[in-house]
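Enquirer: So that we are looking at the same thing, I have put the structure below in structure tokens.
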Amino acid sequence: MAVKTAGTELAERWREILSVHARTMCEIDRALHPHGLGASDFEVLDILASATPREGDQCRVQNLVGQVHLSQSALSRLIARLEREGLVERSVCAEDRRGVWVALTRKGRELHAEVLPLQRAVLGRVLGGRDASGEA
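The numbering used here applies: residue 3 is where the sequence shown begins, and numbers increase by one.
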């Protein structure tokens, strides 16, 4: 029988994290697909929806890069698609012309509110063993 080393145990934990992540993303994708969204699309909408009132439901793209686990170019393509669909709008940052703000539109806010319970239910099932209402 092979003896488990600390490194082996860490690798097993890492693989379990990856497995839970992949399973969760697939479930979210499946739940949101009928609404025209994927898990990464939802993450952008969710981050924008939770922006502080002072920010006016907007966020700098460079700040999104650290929160949505996509490359900058993949995130730019995702934002461009969300903009074409009328869910977000982009504007140039007045203080730093290199910066770009992204904000939810009314349509984006409404779609986010519609699918939020679906995403939270998936998180509850996959990560917590419960749905969004707290039922097992």
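For every residue, glycine included, the Cβ atom is placed at its ideal position computed from N, Cα and C.
Note that the coordinates shown come from a computational prediction; the quantities given were computed from them, not determined experimentally.
Going by the beta-carbon positions, is the gap between Val90 and Leu106 smaller than 8 Å?
Expert: Position 88 of the sequence shown, counted from the first residue, corresponds to residue 90. Position 104 of the sequence shown, counted from the first residue, corresponds to residue 106. Yes; because the gap between Cβ atoms is below 8 Å, this pair is in contact.
Enquirer: Report the option in Gly9, Ile30, Arg17, Asp43 whose CA atom is closest to the CA atom of Gly88.
Expert: Residue numbering aside, residue 88 sits at position 86 when the sequence shown is read from its first letter. Nearest of Gly9, Ile30, Arg17, Asp43 to Gly88, Cα basis: Asp43.
Enquirer: Taking 8 Å as the cut-off, decide whether the C-beta atoms of Arg17 and Val128 are in contact.
Expert: Counted from its first residue, the sequence shown places residue 17 at position 15. Counted from its first residue, the sequence shown places residue 128 at position 126. It is not a contact, given that the beta carbons lie outside the stated cut-off.
Enquirer: Pick out whichever of Gly38, Glu97, Ile19 has its Cα sitting closest to the Cα of Gly1.
Expert: Here the chain has residues from 3 to 138 only, and residue 1 is not among them.
Enquirer: Return the chain-ordered list of same chain residues with a C-beta closer than 6 Å to the C-beta of Ala41, the five sequence neighbours on each side being excluded.
Expert: As a first step, residue 41 is located in the sequence shown; it is residue number 39 there, counting from the start. Same-chain partners within the cutoff: Met27, Ile30, Asp31.
Enquirer: Among His35, Arg62, Val124, Thr7, which has the Cα closest to the Cα of Glu97?
Expert: Within the sequence shown, residue 97 is the residue found at index 95, counting from 1. Ranking the options by Cα distance to Glu97, first place goes to Arg62.
Enquirer: When you compare each of Leu72, Glu85, Val102 to Ser93 by their alpha carbons, which one comes out closest?
Expert: Walking along the sequence shown from the start, residue 93 turns up at place 91. Among Leu72, Glu85, Val102, the Cα nearest to that of Ser93 is on Val102.
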